[in-house]
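Protein chains in written order, with numbering that gives the first Met the number 0: chain A, 0 to 282; chain B, 0 to 331. All C-beta atoms in this analysis are idealised placements derived from N, C-alpha and C, irrespective of residue type, glycine included. Contents: one structure, followed by commentary.
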Amino acid sequence: MKKRSEVLYFTLRNKKLLIGSGIILFFLILALIGPTFTKYKPLEYASPRGAEPPSTHFWMGTTFFGQDVFSQFVNGLRATFVVGLLGGGLGTLVGMLIGFTAGYRGGIVDEILNAFTNIVLVIPTLAVLLIIAAYLQVRSLLMECLFIGLTAWPWVARAIRAQTFSLRTREFVDLAKLSGMKPLRIIRDEIAPNMMSYLVLVFILQFGGAILTAATLDFIGLGPTNTISLGLMMQYAVLWGALPFGMWWWFVPPGLAITAIVGALYSMNVGLDEIFNPKLREI
Amino acid sequence: MRRYLIRKMVIYALTFFLAVTIDWLIPRFMPGDPIRNMLTRVSVASNATAIQMMYDYYARLFGLDLPLWQQYLNFWKALFQGDLGISTYLFPTPVVDVLKRAVPYDVFLLVPAVLLGWYTGNKFGAFAARSKRLDNFVLPISYILTATPYMWLGILMAWFFGIVVGIFPIAGAYSFSLRPTWSVTFLLDLLHHWFLPFASLFIIEFGGWAIGMRNMIIYELEAEYSRYLNALGAPKSLVRKYAFDNAILPQITGLALKLGVIVAGALVTEVVFSYPGIGYLLLAAIQNQDYFLIQGCFLFIVLGVLIANFVIDLVYLVVDPRTRRGMVGESA
């Protein structure tokens, strides 16, 4: 009971965490309820006059083609959160799977998995994503999450492997082994709880990383083919002369949202780190 | 030392092997007839004989009638002869030639941005650590910088300095009115076009390394050896120097790990500034469905990252004596 209130105390006092989660919450709500307030579909040609600055009718202006930027923005935000959650989640899961297996098993299994991890670590992820995406004529958002998740895990696996390595020789693990516990249960009940805080931090970083990777893919034109995204908005803005014509309302919001979300995640990361690790607390 | 190098070389060789295999596998593994797909989308070949000619050429090159293992061997053979196919978008230039023309721009842009960003970021991070006022001000900015997508910073800088203030060009590597020569005017023009893409890459790199170094230094200053030095009454600058020497090692490993992300950042930055490196080429290749060029870009990017990784390994050997003596170092 006392421990819990202490964590709660430091959670409520931690500005980095509060500000970070506040920003995330703001954008999450915008992504959830925003699309119900839109007057037009994201790709619908709403304004016959082409590009217009923000007004009471078009809250965030219109694109070169007269599309409603607000509608594109809130729908793009949705896609961003989906990619972060699913892509980042999958990356964390695969990393945990490989890291725990390699670290706990050791021996030849570890050698093979470690070599594999090192190889995937060296290959530039984006290049692989590029070539896969280029050959797929139709791409969905879920596919993008899948690709990002399946290529983002190596550093997670490496870090978890190293920690599992040092934990598996401890007495409490030996005791669990002696009592006849199955390896999976030992990992789940004995080893994982010791790095729970670390796993949370890893997920947050993967979440942010997946968002940035998706933005890059979308920006090069290899994102989902059937939905709008923040990266795609920026690509259209660059390709259709938003810069020379000064249509700032077209390219500022998508990048700003990504920066704010990823920055807020980093801030939460630092804040949580301080809560989990008393040494880092500012007194 | 030999063992360390051999281990690394094996990893790189395996990586290259895997990359080439992916490069071979994906066009054959994906649904549909890749040649048909490609030719129906090619814009250059509009008459029937040209299409037939190209179909035959690609059919021979792909060798789709041969058994799979032979196709695979042929692919490797062609690769070692420097044959990556012919670009359909810039028909009839071989892909290798197209890429060779683009690579100098990438090197010219990436190497200074990465090295300078890394060096100054580390120096600054070490300087900012444990100084309350700097820390409170610099840390949030650095975090925002690392969270910024590369292309967005590029877009903002192009818009502000190129359009609003109007002192820098926002497209191309040199003015259209000039021809590439070694004259002073041309070189100045080249630098003028190079500055914005370079700066936008540099700034993001700087922020990332500054944060990393700041956290490392704080960690090192808490370590036993620092406390011991302090207890002995060593001057602050000496303790910091030792902390820096130790903290720089993970930063070197970090550079190797982050190369892929940095290269991806450079690709999109080039797209923003229409800078004629591989990134810009890649966008054109994707928009024109030029599969050979996409595959070529892929191989060049992988190769570049592997070479850079190897160079970093060699540097590591020089910097960390433990790896030379065959002991376990940071990167093992």
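Check your understanding: Closest by CA to tryptophan 334 (chain B), which one among A:Asp67, A:Gly105 and A:Met233?
Key -> A query on residue 334 (chain B) cannot be resolved here, the shown segment of chain B reaching from 0 to 331 and no further.
Exercise for review: Report yes if the CB atom of valine 304 (chain B) is closer than 7 Å to the CB atom of proline 47 (chain A), and no otherwise.
Suggested key: Cβ atoms of valine 304 (chain B) and proline 47 (chain A): not closer than 7 Å.
Exercise for review: Closer than 7 Å by C-beta to tyrosine 44 (chain A): which residues in its own chain qualify, once you throw out the five before and the five after it? Chain order, please.
Suggested key: Setting aside the 5 residues that flank it on each side, tyrosine 44 (chain A) is surrounded in the same chain by Phe64, Gly65 and Gln66, each with a C-beta closer than 7 Å to its C-beta; the list follows chain order.
Check your understanding: When DSSP labels each residue in this structure, what does tyrosine 286 (chain A) get in the three-state scheme?
Key -> Look at the range of chain A in this structure, 0 to 282, and you will see that residue 286 (chain A) is not part of it.
Practice item. Kindly indicate if chain B contains any beta-carbon less than 7 Å away from that of proline 252 (chain A). Key: By this cut-off, proline 252 (chain A) is not an interface position.
Review point. Are any of the Cβ atoms in chain A nearer than 7 Å to that of leucine 313 (chain B)?
Key: So, not an interface residue.
Exercise for review: Name the two residues that bound the continuous alpha helix (DSSP H) containing arginine 239 (chain B).
Suggested key: Residues 235-271.
Point to revise | Coarse secondary structure for glutamate 179 (chain B), derived from DSSP in three states | key: Residue identity check: residue 179 (chain B) is proline in the sequence provided, not glutamate. In the three-state scheme derived from DSSP, where H, G and I count as helix and E and B as strand, proline 179 (chain B) is classed as coil.
Check your understanding: Is the stretch 193-201 of chain A touching the stretch 29-45 of chain A in the sense that three or more CB pairs, one from each, lie closer than 8 Å?
Key -> The answer is no - the stretch 193-201 of chain A does not touch the stretch 29-45 of chain A, with fewer than three Cβ pairs under 8 Å.
Practice item. Just mark arginine 167 (chain A) as buried or exposed, buried being the case when its beta carbon has 16 or more other beta carbons within 10 Å. Key: With 16 or more other Cβ atoms within 10 Å, it is buried.
Point to revise | Whole-Å CB distance - isoleucine 10 (chain B) paired with isoleucine 118 (chain A), under 8 Å assumed | key: Isoleucine 118 (chain A) and isoleucine 10 (chain B) do touch by the CB rule: their CB atoms are close to 6 Å apart, below 8 Å.
Point to revise | Beta carbon proximity, threonine 268 (chain B) to chain C, threshold 7 Å | key: The chain labelled as chain C is not found among the protein chains of the depicted structure, namely A and B.
**Study point:** Separation of glycine 276 (chain B) from asparagine 73 (chain B), as counted between CA atoms
**Key:** Approximately 29 Å, taken between the alpha carbons.
**Study point:** Pairwise C-alpha distance: serine 182 (chain B) and threonine 91 (chain A)
**Key:** Threonine 91 (chain A) and serine 182 (chain B) have their C-alpha atoms some 53 Å from each other.
Check your understanding: Taking all protein chains shown into account, do 16 or more other C-beta atoms lie within 10 angstroms of the C-beta of methionine 336 (chain B), making it buried, or fewer, making it exposed?
Key -> Past the edges of chain B, shown from 0 to 331, lies residue 336 (chain B), and the structure says nothing about it.
Check your understanding: If alanine 263 (chain A) sits next to isoleucine 22 (chain A), beta carbons under 8 Å apart, how far is it from one beta carbon to the other, in whole angstroms?
Key -> For alanine 263 (chain A) against isoleucine 22 (chain A), the beta-carbon gap comes to about 4 Å, under 8 Å, which counts as contact.
Review point. To the nearest whole angstrom, what separates the beta carbons of isoleucine 311 (chain B) and leucine 254 (chain B), a pair I think is in contact under 8 Å?
Key: Rounded, the Cβ-Cβ distance is 6 Å, consistent with contact.
Practice item. Would you kindly check if the distance between the Cβ of valine 82 (chain A) and the Cβ of alanine 213 (chain A) is under 7 Å? Key: Contact flag set, yes.
Exercise for review: Note down, in chain order, every chain B residue with its Cβ under 7 Å from the Cβ of alanine 126 (chain A).
Suggested key: Within 7 Å Cβ-Cβ: Phe297, Ile300 and Val301.
Point to revise | Reduced DSSP secondary structure (H/G/I, E/B, other) of glutamine 136 (chain A) | key: Here glutamine 136 (chain A) sits in coil by DSSP.
**Study point:** Neighbourhood of valine 73 (chain A) by C-beta distance below 7 Å, restricted to the same chain and skipping five residues each side
**Key:** Excluding residues within five positions, the ones whose Cβ falls inside 7 Å are Leu29, Ala30, Gly33, Pro34 and Thr37.
Check your understanding: Taking one C-beta from the stretch 94-106 of chain A and one from the stretch 144-157 of chain A each time, how about it: are there three or more such pairs within less than 8 Å?
Key -> Short answer: they touch.
Review point. In chain order, what residues of the same chain have a beta carbon less than 7 Å from the beta carbon of phenylalanine 171 (chain A), not counting five sequence neighbours either side?
Key: Cβ neighbours of phenylalanine 171 (chain A) within its own chain (closer than 7 Å, five residues either side excluded): Glu189.
Exercise for review: My understanding is that phenylalanine 185 (chain B) touches leucine 177 (chain B), with C-beta atoms under 8 Å, so please give their C-beta distance in whole angstroms.
Suggested key: With 8 Å as the limit, phenylalanine 185 (chain B) and leucine 177 (chain B) qualify as a contact, their Cβ atoms being about 5 Å apart.
Review point. Quick one: which chain B residues come within Cβ less than 8 Å of serine 20 (chain A)?
Key: None at all; the shortest Cβ gap to chain B is about 15 Å.
Exercise for review: Please work out which residues of its chain come closer than 6 Å, Cβ to Cβ, to phenylalanine 69 (chain A), disregarding the five sequence neighbours upstream and downstream, and give them in chain order.
Suggested key: Within the same chain, and ignoring the five residues on either side of phenylalanine 69 (chain A) in sequence, the residues whose Cβ sits closer than 6 Å to its Cβ are Trp58 and Met59.
Check your understanding: In this structure, what does DSSP give as the bridge partners for aspartate 67 (chain A)?
Key -> According to DSSP, aspartate 67 (chain A) bridges with A:Thr61.
Check your understanding: So, alanine 198 (chain B) versus serine 141 (chain B), is the Cβ gap smaller than 7 Å?
Key -> No. Outside cutoff.
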